[in-house]
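Reading through the structure tokens given below for one structure.
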Amino acid sequence: MTSTKEIRHKIASVVNTKKITKAMEMVAVSKMRKTEDRMKASQPYADIIKKVINHVLQGNLEYKHIYLKKRVVKRIGMIIISTDRGLCGSLNTNLFKNALLKIQEFAKINIPCDLILFGLKSLSVFKLFGSHILSEISSLGEYPSLNKVMNSVQIIFNKYQLEQIDKIFIAYNKFHNKMFQYPQITELLPISNMQYKNINCKNWDYLYEPESKIILDTLFNRYIESQVYQSILENIASEQAARMIAMKKATDNSADRIKELQLIYNKVRQANITQELTEIVSGASAISTD
Numbered sequence: 003m004t005s006t007k008e009i010r011h012k013i014a015s016v017v018n019t020k021k022i023t024k025a026m027e028m029v030a031v032s033k034m035r036k037t038e039d040r041m042k043a044s045q046p047y048a049d050i051i052k053k054v055i056n057h058v059l060q061g062n063l064e065y066k067h068i069y070l071k072k073r074v075v076k077r078i079g080m081i082i083i084s085t086d087r088g089l090c091g092s093l094n095t096n097l098f099k100n101a102l103l104k105i106q107e108f109a110k111i112n113i114p115c116d117l118i119l120f121g122l123k124s125l126s127v128f129k130l131f132g133s134h135i136l137s138e139i140s141s142l143g144e145y146p147s148l149n150k151v152m153n154s155v156q157i158i159f160n161k162y163q164l165e166q167i168d169k170i171f172i173a174y175n176k177f178h179n180k181m182f183q184y185p186q187i188t189e190l191l192p193i194s195n196m197q198y199k200n201i202n203c204k205n206w207d208y209l210y211e212p213e214s215k216i217i218l219d220t221l222f223n224r225y226i227e228s229q230v231y232q233s234i235l236e237n238i239a240s241e242q243a244a245r246m247i248a249m250k251k252a253t254d255n256s257a258d259r260i261k262e263l264q265l266i267y268n269k270v271r272q273a274n275i276t277q278e279l280t281e282i283v284s285g286a287s288a289i290s291t292d
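If you're matching positions, the sequence shown starts at 3 in my numbering and goes up one per residue.
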């Protein structure tokens with residue numbers, strides 16, 4: 003039978019664990035509010051530039067940007083955005099499952115994939131699968147620099163422009179609310195007219211000043227920047243929300259475990275007391291008999 007001393011040590015250990023998980027939950031709550039605010043602050047820009055792209059694609063463009071040209075797919079690229087640290091439930095696991103399924107879909111038809119990996123968790127997973135990694139980025143922090151982000155992923159867009167990659171996807175965790183985040187894989191390039199379909203107004207175009215090539219090059223580059231950066235902010239907010247939920251569950255489980263151990267402790271203690279009383283009574287009976 004387990005001794006009361008051992009049970010007390012287990013209770014103390016679980017109590018300490020509960021304190022740690024509760025503290026981590028509070029930290030995650032604080033960080034989540036900040037990262038959620040930052041994500042929402044950048045959302046209007048991402049939405050507006052989508053609307054601008056929408057209007058531009060509805061016209062009859064005089065300059066066909068390379069980001070709009072569809073090609074026979076011989077090789078794909080994928081930007082995978084994960085976390086540097088764990089303790090955030092199944093957030094990364096679900097994302098990796100979806101990304102691997104997408105990669106395997108193309109692998110079945112002999113189309114290889116190049117990867118850009120954000121976060122140490124994605125690096126540890128995709129290295130095991132022997133994936134071709136173009137670049138790996140970690141320690142972005144809660145307030146990533148746009149220049150650092152774009153410098154890190156520019157290699158994959160350069161390959162697209164050189165027609166070494168024919169399609170680019172981005173995989174990240176979409177922040178729906180504090181309780182629900184889900185993995186999302188979006189086709190980043192080529193920018194498809196089907197994404198912004200409007201069957202009207204196909205025989206007009208904008209007047210460009212100074213010229214359409216300069217304007218559209220800048221516009222499409224800004225669009226790609228906004229999509230990548232917004233995806234990273236969404237993933238950061240999702241990480242803190244998922245960690246908050248995971249730590250709350252761990253704290254609740256610790257509380258339940260403490261109650262179970264206290265119940266076991268009381269039973270063992272009661273059994274010990276009963277045994278001691280039995281031994282005392284037996285000893286007294288033996289003495290009186292003598």
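Virtual Cβ for every residue (Gly too), placed ideally from N, Cα, C.
- request: Report, in whole angstroms, the separation of the C-beta atoms of G61 and I167, which I expect to be a contact under 8 Å.
  value: Your numbering for residue 61 matches position 59 in the sequence shown. Your numbering for residue 167 matches position 165 in the sequence shown. G61 to I167, Cβ: 27 Å. No contact.
task: Determine the burial state of I81: buried for a count of at least 16 other Cβ atoms within 10 Å of its Cβ, exposed for fewer.
output: For the purposes of this step, residue 81 is taken as residue 79 along the sequence shown, with counting starting at 1. I81 is buried by the Cβ-count criterion.
message: I'd like to know whether the C-beta atoms of I113 and I158 end up nearer to each other than 9 Å.
response: Locating residue 113 in the sequence shown gives position 111, where the first residue counts as 1. Locating residue 158 in the sequence shown gives position 156, where the first residue counts as 1. No, they are not a contact pair.
query: Is it true that the CB of M34 sits closer than 9 Å to the CB of K123?
result: For the purposes of this step, residue 123 is taken as residue 121 along the sequence shown, with counting starting at 1. For the purposes of this step, residue 34 is taken as residue 32 along the sequence shown, with counting starting at 1. In this structure, M34 does not lie closer than 9 Å to K123 by Cβ.
- prompt: Would the beta-carbon of R245 be found less than 8 Å away from any heavy atom of the ligand FAD?
  reply: As presented, the structure is devoid of all ligands, the ligand FAD included, so that no description of it is given.
- request: Alpha carbon to alpha carbon, how far is I170 from R224? Give it in angstroms, no decimals.
  value: Start at 1 with the first residue of the sequence shown, and residue 224 comes out as number 222. Start at 1 with the first residue of the sequence shown, and residue 170 comes out as number 168. If you take the alpha carbons of R224 and I170, they lie about 16 Å apart.
- prompt: Would P185 be called buried (16 or more neighbouring beta carbons within 10 Å of its own) or exposed?
  reply: The sequence position of residue 185 within the sequence shown is 183, counting from 1. Buried, since its Cβ has 16 or more Cβ neighbours within 10 Å.
task: Output yes or no for whether 9 Å exceeds the beta carbon distance between Q232 and S44.
output: For the purposes of this step, residue 232 is taken as the residue at position 230 of the sequence shown. For the purposes of this step, residue 44 is taken as the residue at position 42 of the sequence shown. Yes, these two residues count as a Cβ contact at 9 Å.
field: For Y210, the nearest candidate out of A252, S32, V58 and M41 (CA to CA)
entry: As a first step, residue 210 must be located in the sequence shown, where it is residue number 208. Of the listed residues, the one whose Cα sits closest to Y210 is V58.
- prompt: What does P185 pair with, by DSSP beta-bridge criteria?
  reply: Indexing the sequence shown from 1 puts residue 185 at position 183. The partner list for P185 (beta bridge, DSSP) reads N175.
message: Closest to V29 by C-alpha separation, out of M246, A252 and D254, would be which residue?
response: Here residue 29 is taken as the residue at index 27 of the sequence shown, counted from 1. Checked all of M246, A252 and D254; the closest Cα to V29 is M246.
- prompt: Just reading off the beta strand (DSSP E) that F120 is part of, what are its end residues?
  reply: In the sequence shown, counting from the first residue as 1, residue 120 sits at position 118. Residues C115 to F120.
message: Tell me the DSSP secondary structure of A273 in three-state form.
response: Sequence index remark: in the sequence shown, residue 273 carries index 271 (1-based). Of the three classes helix, strand and coil, the one that applies to A273 here is helix, per DSSP.
query: Going straight from the alpha carbon of N268 to that of A48, what length do you get?
result: On the sequence shown, residue 268 is found 266 positions in, with the first residue counted as 1. On the sequence shown, residue 48 is found 46 positions in, with the first residue counted as 1. Cα to Cα, N268 sits roughly 60 Å from A48.
message: Given a cut-off of 9 Å on the beta-carbon distance, is the pair Y174 and N255 in contact?
response: Mapped onto the sequence shown, residue 174 falls at position 172. Mapped onto the sequence shown, residue 255 falls at position 253. No, these two residues do not count as a Cβ contact at 9 Å.
query: For the candidate residues H134, N153 and G132, whose alpha-carbon lies nearest to that of L142?
result: Taking the first residue of the sequence shown as position 1, residue 142 is located at position 140. Answer by Cα proximity: N153.
- prompt: For S141, does the three-state DSSP call read helix, strand or coil?
  reply: Translated into the one-based positions of the sequence shown, residue 141 becomes position 139. Looking at S141 - three-state DSSP - the assignment turns out to be coil, as it is neither helix nor strand.
message: Using 9 Å as the threshold, is the C-beta distance between S228 and I51 below it?
response: Locating residue 228 in the sequence shown gives position 226, where the first residue counts as 1. Locating residue 51 in the sequence shown gives position 49, where the first residue counts as 1. A contact, by the Cβ cut-off of 9 Å.
Between the CA atoms of K71 and E144 - distance to the nearest angstrom: Residue 144 sits at position 142 when you count from the first residue of the sequence shown. Residue 71 sits at position 69 when you count from the first residue of the sequence shown. In a straight line, the C-alpha of E144 is about 35 Å away from that of K71.
- request: Give every residue of the same chain whose Cβ lies closer than 8 Å to the Cβ of M41, excluding the five residues on either side of it in the sequence, and list them in chain order.
  value: Here residue 41 refers to the residue found at position 39 of the sequence shown. F177, Q232, L235, E236, I238 and A239.
message: On the DSSP letters alone, give me the boundaries of the alpha helix (DSSP H) that I51 sits inside.
response: As a position in the sequence shown, residue 51 is number 49, starting the count at 1. Looking at the DSSP string, the run of the alpha helix (DSSP H) that includes I51 is T6 to Q60.
message: Suppose the cutoff is 8 Å on Cβ atoms and the five residues either side in sequence are ignored; what does the same chain contact list for A248 look like?
response: What you label residue 248 is simply residue 246 of the sequence shown in a count that begins at 1. So the list reads L89, C90 and G91, once near-sequence residues are dropped.
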